[in-house]
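Going by full-length UniProt numbering, the sequence shown opens with residue 1, and the numbers climb by one from there. Okay, structure first, notes after.
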Amino acid sequence: MNKADGYFEVYTDGACVNNGKSNARAGIGVWFGENSCLNISEPVQGRATNIAAEIQAACAALRVLNKLGHKKVRIYTDSEFTINCITKWMNNWKRNGWTVSNGGMVKNKGDLVVLDNLCQKFEHVDWVHCPAHSGVRGNEEADRLAKIGVQSYVVL
């Protein structure tokens, strides 16, 4: 959705069933708008977790927007963790060799590196937290798409 301020807006969400268990399944949802051919519903790549799903959903949105040539994007997500990763913690992690304060490695590093690289392709990425399950249409639609993506996930 194009806005008057020049930003293209999109809603992203991830979903995971049985998070943290060996039979976990996860999917991503990206909602560009009503009946948009760009809307995405896919299974998570790799290990199925709620965090991987949230990050990969944002990556999927950015890939499409980059291909379409958009330079200023606004991503609405209910994942405060994803927003904090990219806006608060990413630079420190890169500076510290992808370690956290206790010396351990950053989880989801692979997905986060992809997200960071995608963000670099834009003039500006505006991250907006959208409360989950609060009746915001874009978030509800992205959630619906993510749940469909869960159904496509194959547990190996």
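Quick reminder that beta carbons are idealized off the backbone N, C-alpha and C, glycines included. For clarity, every value in this text was computed on a predicted model and none was experimentally measured.
query                                                                                                                                         : result
Could you check whether N139 and A132 sit closer than 8 Å to each other, using their CB atoms as the reference points?                        : yes
Can you give the beta carbon distance from A57 to G29, rounded, assuming they're within the 8 Å contact cut?                                  : 6 Å
Would DSSP call A57 helix, strand or coil?                                                                                                    : helix
Does the pairing of the stretch 11-23 with the stretch 105-121 give three or more beta-carbon distances under 8 Å?                            : no
Going by DSSP, what residue range makes up the beta strand (DSSP E) through R74?                                                              : K72 to T77
Considering I86, what are the terminal residues of the beta strand (DSSP E) in which it resides?                                              : Run containing I86: none; DSSP gives neither H nor E here.
Starting from E141, follow the alpha helix (DSSP H) in both directions and report where the run begins and ends.                              : R137 to S152
According to DSSP, what are the bridge partners of S101?                                                                                      : Its beta-bridge partners do not exist; DSSP assigns none.
By DSSP, does A48 sit in helix, in strand, or in coil?                                                                                        : coil
List the whole-angstrom C-beta distance separating N108 from A26, where the pair is believed to meet the contact cut-off of C-beta under 8 Å. : Contact flag wrong, Cβ pair sits at about 12 Å.
Taking only three categories from DSSP, how would you classify G110?                                                                          : helix
For C59, which residues in the same chain have their Cβ closer than 8 Å to its Cβ, ignoring the five residues on either side in sequence?     : D111, V114, L115 and L118
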